[in-house]
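J.:
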Ligand code: GDP
């Protein structure tokens, strides 16, 4: 069994600025993400979006940022990544039901160097429609590589989120690959930039799908958006 102090240190390491977490919420998040995550729908066009039935959390980031790996680490499964990376589905919005209490939404990765203009236009239209019209959407996790921080390719989405008034938070990926100095610099730069983004949550999550840093903390944060157990289907 882990000691209290050791546990507290581990819990704090995944959030910047560091804060204490209620162990009950940690346990609730762990239990939620231990539930079955089932693929429910894919949408390439606005009309194909599934009905809104549960609170939704969306994951966005440039391609290769580590989105599939992070969602897998959160849910402890490989199914989601496989589904979302299936040819033909990478340009779609994919929806997963987590234990009939929360919907995880995988937004298509952006920033392909060789993406045709028509594909970028279609991505932008679909994502903008989703962000602007989805009442069930509670939060967007904007994934950024912890070694690089915010890149020009991320800014159109950040502006879209600000314009749509959709609350979003930065989740750094691949922290196992970032040196402490670089990570400190990246955190400083992101914090300074987030101040001017009206819809951005100031807290930054630090994660790694390899050593599982920050997974517990993110489960706790996102778990708070789930439908309470007594209200779930
Ligand atoms: P996606 O395109 O955003 O879904 O990215 P993937 O999850 O497919 O990951 C892209 C690449 O980054 C793959 O080679 C992964 O193995 C690697 N990767 C993802 N997450 C991590 C991480 O936390 N640490 C390290 N070292 N590599 C990672």
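Numbering (the numbering used here), first residue to last: 4 to 236. Glycine included, C-beta positions come from ideal geometry on N, C-alpha and C.
How should residue 6 be labelled, buried or exposed, when 16 other C-beta atoms within 10 angstroms of its C-beta is the threshold for buried?
T.: Here residue 6 is taken as the residue at index 3 of the chain shown, counted from 1. Note on residue 6: pLDDT 42, under 50, position unreliable in the model; no value is reported.
J.: Residue 117 and residue 40 - do their beta-carbons sit closer together than 9 angstroms?
T.: The count along the chain shown starts at 1 and reaches residue 40 at position 37. The count along the chain shown starts at 1 and reaches residue 117 at position 114. No, they are not a contact pair.
J.: Whose CB is closer than 6 angstroms to a heavy atom of ligand 1? List the residues in chain order.
T.: Chain-ordered list of matching residues: 64, 66, 67, 68, 69, 70, 71, 72, 112, 176, 177, 179, 180, 211, 212, 213.
J.: Does the distance from the CB of residue 61 to the CB of residue 144 come in under 9 angstroms?
T.: Looking up residue 61 in the chain shown gives position 58. Looking up residue 144 in the chain shown gives position 141. Yes, the pair counts as a contact, with Cβ atoms nearer than the cut-off.
J.: So, with DSSP's three-state summary, where would you put residue 174?
T.: On the chain shown, position 171 is the one that residue 174 refers to. In this structure, residue 174 counts as strand in the three-state DSSP scheme.
J.: I need the boundaries of the beta strand (DSSP E) containing residue 97, first residue and last residue.
T.: Taking the chain shown and counting its residues from 1, one reaches residue 97 at position 94. Start and end: 96-101.
J.: Out of 104, 24, 141, which one is the CA nearest neighbour of residue 202?
T.: By one-based count along the chain shown, residue 202 stands at place 199. When only C-alpha atoms are compared, the closest one is 141.
J.: Can you look up residue 133 in the DSSP assignment and give me helix, strand or coil?
T.: The count along the chain shown starts at 1 and reaches residue 133 at position 130. If DSSP states are grouped into helix, strand and coil, residue 133 belongs with the helices.
J.: So what's residue 33 in DSSP terms, helix, strand or just coil?
T.: Locating residue 33 in the chain shown gives position 30, where the first residue counts as 1. In the structure shown, residue 33 sits in a helix (DSSP, three-state: H, G or I).
J.: Please report the straight-line C-alpha distance between residue 104 and residue 54, rounded to a whole angstrom.
T.: In the chain shown, residue 104 corresponds to position 101, counting from 1. In the chain shown, residue 54 corresponds to position 51, counting from 1. Cα to Cα, the separation comes out at about 15 angstroms.
J.: Determine the extent of the beta strand (DSSP E) in which residue 139 is found, giving its start and end residues.
T.: Residue mapping note: residue 139 aligns to position 136 of the chain shown, counting from 1. From DSSP, residue 139 is part of no beta strand (DSSP E); its letter is neither H nor E.
J.: When the Cα of residue 48 is compared with those of 172, 184, 126, which residue comes out closest?
T.: As a first step, residue 48 is located in the chain shown; it is residue number 45 there, counting from the start. Checking every option, the nearest Cα to that of residue 48 belongs to 126.
J.: Going by C-alpha to C-alpha distance, which of 106, 94, 121, 204 sits closest to residue 113?
T.: As a working note, residue 113 is residue 110 in the chain shown. Taking only the C-alpha atoms, the option nearest residue 113 is 94.
J.: Straight-line CA distance for residue 157 to residue 65?
T.: Taking the first residue of the chain shown as 1, we reach residue 157 at position 154. Taking the first residue of the chain shown as 1, we reach residue 65 at position 62. In a straight line, the C-alpha of residue 157 is about 7 angstroms away from that of residue 65.
J.: So the candidates are 110, 134, 115; which of them puts its Cα closest to the Cα of residue 96?
T.: Walking along the chain shown from the start, residue 96 turns up at place 93. Answer by Cα proximity: 110.
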